[in-house]
Amino acid sequence: MINNTLFPYSVSAPLVDTDLSEKSQINTKVKGFGVKGKSEELAPLPFARKFSSPLSSLRQTWLVFAAAVFLVSVPVFIEAPIVRSLPWLSLGLTGFWVWLSFKLMSHSATYVWGDLLLGFSWSWLAGAIYWGWLRWEPLYHLPVESIGLPFAVWCLIRNWGKIGNWFYLGSLLGTVLTDVYFYLVDLTPYWRQIMQVEPDKAAQVLRNALLQVKTPWGEGWAVVLLIVLLTVGVLALAKPSRHWYAFGGAVLSTILVDSLFLLAACLA
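Position in the sequence shown (first residue = 1) + 508 = the working numbering.
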């Protein structure tokens, strides 16, 4: 199914980063005139492109950014409770996300959102596998989170699905940097503990981990992590392409998610 869907869209996929819906409308109108079309009847099209397209395209670009921020938060705050009690349901929902993404990509008006959702499907799949069955071992986290990396690289080499795959890469980069911080500050023992203790004892584990973060070593690396995430995210937003906004949104939202975890530890 994936192969049958990839190749019909391999030509049209690059148009998504400029303005897919607009170009489709223009091409349809131009073809409608055929050989007998009059040049003066085509004149309004460039005019409409000049004055209406940039605003619409910019709006959708920022919507892609907002959607990327939201989708990074979904596995943390929505998928996690499902995985805890119903891991097989969470895993099965991956198929639904993939089906819905291809359904959306079959229409030019919703292609962008289907593209983004396909990249999100990889993050959801990794979350379902790791948090469902492997959450007790932090060392398995990055290998599982990278499960969609070969597919994403393969698609990007063929210039297909740029928005979703760059979103996935941005989300994966945020995960990598956060995990590296855990290793550097030696928080992995607390990770293992909090996955094994009873809920009423989890607060004490969080407080102990927070003491580790509040050391000069922990605070110093937290600043480095913040600077790297901000730099990468802002540089991505400096490029006027939707796939870079999806990437930047995923990277910057890592700061939001990590901050919420830090807040939870402070309130524990």
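Heads up, the beta-carbon is just placed ideally off N, CA and C, and yes, glycines get one too.
Residue span of the alpha helix (DSSP H) that contains residue i, given as start and end
| i | result |
| --- | --- |
| Asp766 | Arg750 to Leu775 |
| Thr602 | Pro595 to Met613 |
| Ala744 | Pro724 to Leu745 |
| Gly669 | Run containing Gly669: none; DSSP gives neither H nor E here. |
| Gly627 | Tyr619 to Ile637 |
| Arg643 | Segment: none, Arg643 is in no alpha helix (DSSP H) and carries neither H nor E. |
| Pro697 | Thr696 to Gln704 |
| Val713 | Ala710 to Val721 |
Proximity winner among the options, relative to residue i (alpha-carbon distances)
| i | options | result |
| --- | --- | --- |
| Leu714 | Ile763, Leu768, Leu734 and Thr739 | Leu768 |
| Cys774 | Leu718, Thr762 and Ala730 | Leu718 |
| Leu733 | Asp687, Gly756, Ala758 and Lys722 | Asp687 |
| Thr602 | Trp699, Asp766 and Glu587 | Glu587 |
| Gln568 | Gln704, Pro707 and Pro748 | Pro748 |
| Gln701 | Val693, Ala711 and Leu692 | Ala711 |
| Glu630 | Pro646, Pro658 and Leu647 | Residue identity check: residue 630 is Trp in the sequence provided, not Glu. Out of Pro646, Pro658 and Leu647, Pro658 has the C-alpha closest to the C-alpha of Trp630. |
| Trp725 | Val742, Tyr691 and Leu745 | Tyr691 |
| Val661 | Leu760, Thr723 and Leu680 | Leu680 |
| Leu743 | Gly678, Leu566 and Ile655 | Gly678 |
Cβ distance (whole Å) where residue i is taken to contact residue j below 8 Å
| i | j | result |
| --- | --- | --- |
| Asp623 | Gly682 | Actually they do not touch by this definition, with Cβ atoms about 20 Å apart. |
| Met703 | Trp644 | 5 Å |
Same chain, Cβ closer than 7 Å to residue i, neighbours up to 5 away in sequence not counted
| i | result |
| --- | --- |
| Val652 | Ala634, Ile637, Tyr638 and Leu642 |
| His751 | Asp525, Lys670, Ile671 and Trp674 |
| Gly640 | Val591, Pro595, Ser598 and Leu599 |
| Leu664 | Lys670 and Asn673 |
| Gly741 | Gly756, Val759 and Leu760 |
| Asn716 | Tyr698 |
Own chain, CB closer than 8 Å to residue i, minus 5 neighbours either side, in chain order
| i | result |
| --- | --- |
| Trp570 | Tyr753 |
| Val721 | Val693, Leu695, Glu727, Ala730, Leu770 and Ala773 |
Inter-residue Cα distance where the pair is residue i and residue j
| i | j | result |
| --- | --- | --- |
| Tyr689 | Gly600 | 31 Å |
| Trp605 | Lys611 | 10 Å |
| Val736 | Ser616 | 36 Å |
| Ile590 | Val584 | 10 Å |
| Val572 | Trp621 | 8 Å |
| His649 | Trp668 | 27 Å |
| Ala574 | Val765 | 14 Å |
| Pro697 | Phe628 | 29 Å |
| Pro707 | Val684 | 27 Å |
| Ala746 | Ser581 | 23 Å |
| Lys709 | Ser593 | 19 Å |
| Trp699 | Pro646 | 7 Å |
| Ser565 | Gly656 | 29 Å |
| Val705 | Ala776 | 15 Å |
| Ser654 | Trp607 | 21 Å |
Cut-off 6 Å between Cβ atoms - residues of its own chain near residue i, not counting five sequence neighbours on either side
| i | result |
| --- | --- |
| Ala576 | Phe675, Ala754, Gly757 and Ala758 |
| Ser761 | Val577 and Val580 |
| Ile763 | Leu737 |
| Thr723 | none |
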